[in-house]
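>
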Amino acid sequence: MEEWKPNPTVKPHKKRSWYLAWKYKLMNQRALRKLCQTGAVLFLLVTVIVNIKLILDTRRAAYEEEEESAQDYDDEMLNVEVPRHPVNNKKVLDVEVYSSRSKVYVAVDGTTVLEDEAREQGRGIHVIVLNQATGHVMAKRVFDTYSPHEDEAMVLFLNMVARGRILIFTIKDEGSFHLKETAKNVLKSLGSQVAPFLSWRDMWTFVGKKGGEVYGEKHAKSPALSTWGDPVLLKTEVHLTSVEDAECHWPDTELNRRRRRFCSKVEGYGSVCSCKDPTPIEFNPDPLKDNKVFDVPVAVIAGNRPNYLYRMLRSLLSAQGVNPQMITVFIDGYYEEPMDVVELFGLSGIQHTPISIKNARVSQHYKASLTATFNLFPDAKFAVVLEEDLDISVDFFSFLSQSIHLLAEDESLYCISAWNDQGYEHTAEDPSLLYRVETMPGLGWVLRKSLYKDELEPKWPTPEKLWDWDMWMRMPEQRKGRECIIPDISRSYHFGIVGLNMNGYFHEAYFKKHKFNTVPNVQLKNVESLRKDNYETEIHRLLGEAEVLDHSKNPCEDSFVPDTEGRVYVMFIRMEQEADFTTWTQLAKCLHIWDLDVRGNHKGLWRLFRKKNHFLVVGVPASPYSSKKPSSVTPIFMEPPAKEEGAVAVPAVAAAEQT
Amino acid sequence: MQKINRNVVLALLSLTSLVFLLFQLCYYKFYLSQKHVVRKFLGLISSHNIPVYLIDPLILGLVDKDIEQIRSSPDGPSPECKYFCAPRDFTTFALLDKTWKHEVDLFRTAEKMGFQWLKIINKDPRLDGMDDLSGMEIPLHYIFKLASHAIHLVVFYERSGNFLWHGPLRLKQHMDRKFVPFRKLHFGRYPGAYEKTELLLVSIDALKVQIPKNPSSFLEEVSHSRFLECRYREARAFFQLYSDDASLDAVEFRKKAKSLLHLAALTLNNLGVNFWLSSGTCLGWYRQCNIIPHSKDVDLGIFIRDYKADIIPAFQKAGLPLKHKFGKVEDSLELSFQREDDVKLDIFFFYEEDDHIWNGGTQAKSGKKFKYLFPKFTLCWTEFVELKVHVPCETLQYVEANYGPEWKVPVKTWDWKSSPFNVQDNGVWPIDEWDNVIQIY
C-alpha cells in the first residue's frame, strides 16, 4: 500500500500540486497502477465483507442476550427477594421486664424475647444477655435457684459473659431459697442493690451492663411466707454502643472471622470469645500414621443442646487422626445456636424438620442422618456415629483405624463401639484390650454401609412407632446373632445430664464413674484374635489359665478376689438357659456396674477387671464354656431381693436411658 | 476528472480499510489475551492448591486431535498458541468438590488479581430425596471474569452410584443476567452425570493443566450427559396418599430387585450396551423414586440397533440364565433372565420408526403378537437405587403412553396383554417360526 501514500520527498514542479506530480508519475507506470488498483479493490471488498459480518454477528449476539438473556438459566422458583433488614441506626433500646409468681416476660423494643407462663415450669431466675451494640439476644437461661446448686451454675454462667454485655434478670415464682452468698455477691457486683437482700418469694427485675452502669431495678417484697410479692414491671432504656466497641480486636484471619460471627451472636461459651486470650477453635492434632479411617464419614447426631455440642466438637476435633471434612453435624430441628456452634468450628451442619415425637423423633432423626451421610459420601463403606453428649478419646480414631478391617472382613460382626457398658473405674483396666459382645452399646460406634443399606434402612421403624432406634437395633431380628467389638476402657465418655432419657440421678448412678481412655496412641493387643473363630480359641486359652475363685465366699465382697494384680480369675454363676440372667443381674448390682439390662455378654461369659485382675464370669449350664467348670464347684445362685413387683418394669424403661 | 475521482475514492477506501485492519488487530490481541486470563486463573488456583481440570469441549476437541503428541511430550515446546487462543468466550474447568476446602480467601485473592466472580449455589440434591433435611446450599458453578474473557468453573459432586454430578446453572433473581453470555456456556443448561475420570497432567500452549485422560470419551459423554433428578417431592406426596409397603416381603423383593438391577447394569455396561429403565421399573422411579414392591420383575429397554449377540452369554456368565426368548432381532425381540428363587429380568428391544418407537410382546401358548407404541424419546441419566442409569428424558410421555393418564394410582392386578394403555394386537407368529421365536427354558 506504500504506493498509495503521498510521497513527501517529491517536490511539486512549478505550480503543479503534489497530487498532479504523483498522478503523472503513476500514469507513467500504467501496468503497476492497474495492478495496484485491482489489488486494492479486492482487498477492500474482503475487509468490508469480513467486517460487516463481524459487526452483524456481534449485534445479533448482543440482541439475543438482551432478548432471552439467560431465560434457561433463571431459577424456576423466582424467590421472593429477601427483605433486607433495615439498618438499625437506633441508639436506644426500650426494655420491659416483668416478674411475678406465674409469669415472666421480657420485651426489647416491643418484641417479646422471653415469655414464660407455663405452670410448674421455669421457676427461678431467668437471665437474658443482650448484645450491647445490636440489642440481639445472645443467651437465655433459667436457673432454678429454689433448688440446690443451681446458683453455682448461674455464677459460672455470669462469669463467662463478656464485659459490656447487657444482662436482664427476672424471677418467676421463687428464686431465693438456694441463692447463696457467693451468687448474691456476684449479683451485687453487677450493680444490684436488692440482690443481697432477696428473700423468700420476692419478685425482682434488674437490667444492667456487665462491668458498667445499671439501667434499672425493681423489687417487691413478699409480705408473708405463704404469699408472693406483687408482680413488678420494670421499664427502662438501654443505650447502645457502637459495633466496634462491642467486638474484640482479633487479627483478621479466616478463623477469627468465624469467631467474631459466633461471639457477636451468642454468649456463654467462656474463653472462646475472650478478647485477650481466646481459646483456639482449630486444633490440628497429630495426624495418624496409616490412618484407615481418614475417609470414613463422621455423623454427629445433635439436638438443641449447643453447649454440649460445643464440648463434644472440641474433643472430637482434638482427637488424633480426625478429618474435619468428613464430619457432618445433624441437628434435629431448626435451632440456631447449635448451627452457630457448627459454623464456629467450620464444619458442615444439616438441620432436620422434626418428625413425630419423643423416642420416635430421635429414631427418625437417626435414620435421616444415616441415609444422608451415605448419600453425601457415596464412596464410604462405613460411618462413625456420634452423639452430641459424648467426649471423644484422644485415640478414638487410632482405636478405629486398628480395628476397622475386622468389620470389613468378619461377617459375624455387627459394629465396633467405643463404649464398654461395663467399663467403670473399678472394672476396666487395659486400654489395649478388646472384647466381642452380643449387645450393641452405641455411644460412639461404627456402622457398615451394607448393613445399613441392605438391612436396617428398608425396615427402620416408621414414625408412628415409638421405638428407640438402639433398642430396635438390639432386637434379635436385626442383630441376627452378630456381635460388636468394644474396648475394655471406653473411647467415649457420656457427659450428658439433660436429655430425653436422662437426668442427674441416673447419670450419677450409671455414667459418671465410667472409665475413659486418656492415653494417646494406644497400640491394641492382638486384634486378629477378635475374629469369630480366633476369639473362641482365645477364650478357651484364657479359661484354661484362669484360677477358679472360692465359690463359698460372697462374690459381692471385696475379699472374693484375692489381693493380687494381673492374674486371671473365673467364677461360675447359675444360668439355666440363654435368657436366664437372674444371678448375673444381682451380681451386676452389687458390683455397681450396668444392671438395668444385660450388657457385655458373649455366649454366657462376661469379662471385666476386679482389683486389676481379669475377672471372668461364666453362666452354667447355658454357656458353652460351662465345660470348664470343675465338677467340685457349684455355680453361685443369687436371688433377687423380695418385693421386686414394682421394679420389674424399671429395667425395660431404664434400658432405654442409654440413648 | 473521472479518473481523479476514482483514485480519490480508492485512496479513501484503502484508508478506511486500514482503520478496519487496525481494528481487527485489536481483536486479535483480544484473542491473545484469553490465554493471559487462563494463565492468571491457573496461577490463582494453584496458589490455593485447588485441583482443577480442563473440560472445555472446544479445547479438548483440539487437544484430542493431537493427543498422542501431547501425551508423549509432556513438556514439549509449542511455539504457537494453538489451543487456548482459539476464539471463544469462556474456558471451562472442573473441580471435584471433595478435593478442596471451601475457602473465602480464594475470592479475596481473585479480586486482588482483578477477577470479578459469580458464585451459583443451590440445594444439595444428595439431600433432596430425604425427608425434611436442609443442609447448607452447595456451590455448583463459579464464573471468574477478567477483561473480556471468563473462566467457568463447574463443581462436580460424587453421587451414590459411583458417578460425578454437576448441577444446573440457575440465576437467582438478584443476579446479574449479563455478567457473561450465559447461553453460550457448555455446562449448566441441564445438570449432568459423568463417569469418574482419571486425569492427565499435560502441557499445552506452555501451560500445565490437568485434562481427562481420555478426552475423546469425555467429549462423547458431554453430548449425552443430561441428568434428571428423581421427583422426590412428588414421591413423598405419593407415599402420603398410598403408604409404602413395609412388609418383610416388600423389603425382600426390593433387595432382590436392587441387586438384580445392579448385576444387569454391570453386565450391560461391560458390553457397552445402552439400556434404560422401562415399564414398571421406570414407573417406580418416576412415581415413587423406588422399586414398586408388587411389580414382580425388573424391566429394561434397549434399542434394537444396540443389540449384540453377546448379551445372552454375558448374562449366563453373570449367573443369570435365559428364561425365555420371544421374537427375533428383526421383529419383537424380548429376553427374560432369571436365577432360581429370584426376581425376573425382562429386556425389551425397541424399534424406531419415523414418528414413534415400539416394542413387541408374544404370548407363548397362542403365538399371538402384541405391539406397544411410544412417542419418540431420548435418554437421560438418573440415580436410582444407588445406580447411575438411563431413563427416557421425556419420562412423563413415556409413562403416560404405557400406563395412561391414571398412572399415579397404584394397580396391583396387571395383565401385560391387556392392561397397558398402548398395547395393540400385532397378528400371530407363523407356526413354522414358532420354534425360533418362542423359546422357553
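Chains as they are written, first to last, in full-length UniProt numbering: chain A, 1 to 659; chain B, 1 to 441.
We put the CB at the ideal spot given by N, CA and C, even for glycine.
Quick check: what's the CA-CA separation for Lys53/A versus Thr47/A?
Working through the first sequence from its first residue, we reach residue 53/A at position 53. Working through the first sequence from its first residue, we reach residue 47/A at position 47. Lys53/A and Thr47/A have their C-alpha atoms roughly 10 Å apart.
> Please specify which runs of the beta strand (DSSP E), each continuous and at least 3 residues long, are wholly inside the region 332–362 of chain A, giving them in chain order.
348–352
> Select from Gln478/A, Asp286/A and Trp469/A the residue whose C-alpha is nearest the C-alpha of Gly321/A.
Position 321 of the first sequence holds residue 321/A. Relative to the Cα of Gly321/A, the nearest Cα in the group Gln478/A, Asp286/A and Trp469/A belongs to Asp286/A.
> Reducing DSSP to helix, strand and coil, say where Ala11/B ends up.
Mapped onto the second sequence, residue 11/B falls at position 11. In the structure shown, Ala11/B sits in a helix (DSSP, three-state: H, G or I).
> At 8 Å on the CB atoms, spell out the chain C contacts of Phe349/B, in chain order.
Going by chain labels, chain C is absent from the structure shown, which instead holds the protein chains A and B.
> Expressed to the nearest angstrom, what Euclidean distance is found between the alpha-carbon atoms of Gln218/A and Val232/A?
Along the first sequence, one-based indexing puts residue 218/A at 218. Along the first sequence, one-based indexing puts residue 232/A at 232. The amino acid occupying residue 218/A in the given sequence is Lys; Gln does not appear at that position. Roughly 7 Å between the two C-alpha positions.
> When you compare only the Cα positions, how much space is there between Trp429/B and Asp435/B?
For this step, residue 429/B is matched to residue 429 along the second sequence. For this step, residue 435/B is matched to residue 435 along the second sequence. For Trp429/B and Asp435/B, the distance between alpha carbons rounds to 10 Å.
> Counting Cβ pairs, one atom from each stretch, are 3 or more of them under 8 Å apart for the region 441–461 of chain A and the region 612–619 of chain A?
no
> Contact criterion: CB-CB distance below 7 Å. Does Ala40/A meet it with respect to chain B?
Sequence index remark: in the first sequence, residue 40/A carries index 40 (1-based). Yes, Ala40/A lies at the interface with chain B (some Cβ there is under 7 Å from its Cβ).
> For the beta strand (DSSP E) that Met113/B lies in, which residues bound it at each end?
Against the second sequence, residue 113/B aligns to sequence position 113. It is not in any beta strand (DSSP E) - Met113/B carries neither H nor E in the DSSP assignment.
> Exposed or buried, which one is Gly319/B when buried takes at least 16 other CB atoms within 10 Å?
As a first step, residue 319/B is located in the second sequence; it is residue number 319 there, counting from the start. Gly319/B should be labelled exposed.
> Between the alpha carbons of Val95/A and Val129/A, how many angstroms are there, rounded?
Sequence index remark: in the first sequence, residue 95/A carries index 95 (1-based). Sequence index remark: in the first sequence, residue 129/A carries index 129 (1-based). Straight-line Cα distance between these residues: approximately 12 Å.
> Considering only the beta carbon of each residue, do Glu388/A and Ala299/A sit closer than 7 Å?
Residue 388/A sits at position 388 when you count from the first residue of the first sequence. Residue 299/A sits at position 299 when you count from the first residue of the first sequence. Against a cut-off of 7 Å, the Cβ pair of Ala299/A and Glu388/A comes out as no contact.
> By a C-beta neighbour count over all protein chains shown, 10 Å radius and 16 as the cutoff for buried, is Phe187/B buried or exposed?
Here residue 187/B corresponds to residue number 187 of the second sequence, with the count starting at 1. Burial call: buried.
> Mind checking Ile204/B: buried by the 16 CB within 10 Å criterion, or exposed?
Residue mapping note: residue 204/B aligns to position 204 of the second sequence, counting from 1. So Ile204/B ends up on the buried side.
> Hey, does Val209/B have any beta-carbon neighbour from chain A nearer than 7 Å?
In the second sequence, the residue the question calls residue 209/B occupies position 209. Val209/B does not count as touching chain A.
> Would you mind telling me which residues of chain A sit closer than 8 Å to Asn269/B, beta carbon to beta carbon, in chain order?
Here residue 269/B corresponds to residue number 269 of the second sequence, with the count starting at 1. Within 8 Å Cβ-Cβ: nothing; Asn269/B doesn't reach chain A, min ~17 Å.
> Using the Cα positions of Lys210/A and Met175/B, report the straight-line distance between them to the nearest angstrom.
In the first sequence, residue 210/A corresponds to position 210, counting from 1. In the second sequence, residue 175/B corresponds to position 175, counting from 1. So the two alpha carbons sit approximately 44 Å from each other.
> Can you name the residues that DSSP bridges to His514/A?
Here residue 514/A refers to the residue found at position 514 when the first sequence is read from its first residue. In DSSP, His514/A forms a bridge with Tyr424/A.
> Could you say which of Glu386/B, Ser134/B, Thr382/B and Ile120/B lies nearest to Asp379/A if we only look at CA atoms?
Start at 1 with the first residue of the first sequence, and residue 379/A comes out as number 379. Ranking the options by Cα distance to Asp379/A, first place goes to Glu386/B.
> Are the CB atoms of His126/A and Val137/A within a distance shorter than 7 Å?
Position 137 of the first sequence holds residue 137/A. Position 126 of the first sequence holds residue 126/A. No, they are not a contact pair.
> So for Asp454/A, helix, strand or coil by DSSP?
Numbered from its first residue, the first sequence carries residue 454/A at position 454. If DSSP states are grouped into helix, strand and coil, Asp454/A belongs with the helices.
> Counting contacts by CB-CB distance shorter than 7 Å, is Met130/B in contact with chain A?
For the purposes of this step, residue 130/B is taken as the residue at position 130 of the second sequence. Output row for Met130/B: interface = yes.
> Quick one: does His352/A have its CB under 7 Å from some CB of chain B?
Taking the first residue of the first sequence as position 1, residue 352/A is located at position 352. It does: the Cβ of His352/A has a partner Cβ on chain B nearer than 7 Å.
> Quick one: is Asn291/A near chain B, going by C-beta distance under 7 Å?
For the purposes of this step, residue 291/A is identified with residue 291 of the first sequence, where counting begins at 1. Not one chain B Cβ lies under 7 Å of Asn291/A.
> Taking 7 Å as the CB-CB limit, is Ala383/A close to chain B?
Counted from its first residue, the first sequence places residue 383/A at position 383. With 7 Å as the cut-off, Ala383/A does not count as an interface residue toward chain B.
> Give, in chain order, every unbroken run of the beta strand (DSSP E) that is at least 3 residues long and sits entirely within the region 316–365 of chain B.
322–328, 331–337, 344–352 and 357–362
> Below 7 Å between beta carbons: does that hold for Ile143/B and Leu171/B?
As a first step, residue 143/B must be located in the second sequence, where it is residue number 143. As a first step, residue 171/B must be located in the second sequence, where it is residue number 171. 7 Å or more divides the Cβ of Ile143/B from the Cβ of Leu171/B.
> Tell me which same chain residues have a C-beta within less than 7 Å of the C-beta of His262/B, skipping the five on either side of it?
What you label residue 262/B is simply residue 262 of the second sequence in a count that begins at 1. Within the same chain, His262/B has close Cβ partners Leu387.
> Under the assumption that Arg491/A contacts Phe396/A (Cβ atoms under 8 Å), give the Cβ distance between them as a whole number of angstroms.
The residue labelled residue 491/A in the question sits at position 491 within the first sequence. The residue labelled residue 396/A in the question sits at position 396 within the first sequence. 5 Å between Cβ atoms; contact.
> Do you know how far the Cα of Cys263/A is from the Cα of Cys556/A?
Counting from 1 along the first sequence, the entry for residue 556/A is found at position 556. Counting from 1 along the first sequence, the entry for residue 263/A is found at position 263. Going from the Cα of Cys556/A to the Cα of Cys263/A covers about 52 Å.
> Should Arg163/A go down as buried or exposed, given a rule of 16 or more other Cβ atoms within 10 Å for buried?
Taking the first residue of the first sequence as position 1, residue 163/A is located at position 163. Per the 10 Å Cβ criterion, exposed.
> Could you have a look at Arg436/A and say whether DSSP puts it in helix, strand or coil?
Taking the first sequence and counting its residues from 1, the one referred to as residue 436/A is at position 436. Arg436/A falls in the strand class under three-state DSSP.
> Spatial neighbours of residue 661/A within its chain, please: C-beta separation below 7 Å, excluding the five flanking residues on both sides.
No information on residue 661/A is available, as it lies outside the stretch 1 to 659 that chain A covers here.
> Does DSSP classify His178/A as helix, strand or coil?
Here residue 178/A refers to the residue found at position 178 of the first sequence. Correct three-state label for His178/A: coil.
> Taking CB distances under 7 Å as the criterion, tell me whether Ala368/A reaches chain B.
Taking the first sequence and counting its residues from 1, the one referred to as residue 368/A is at position 368. So, interface residue.
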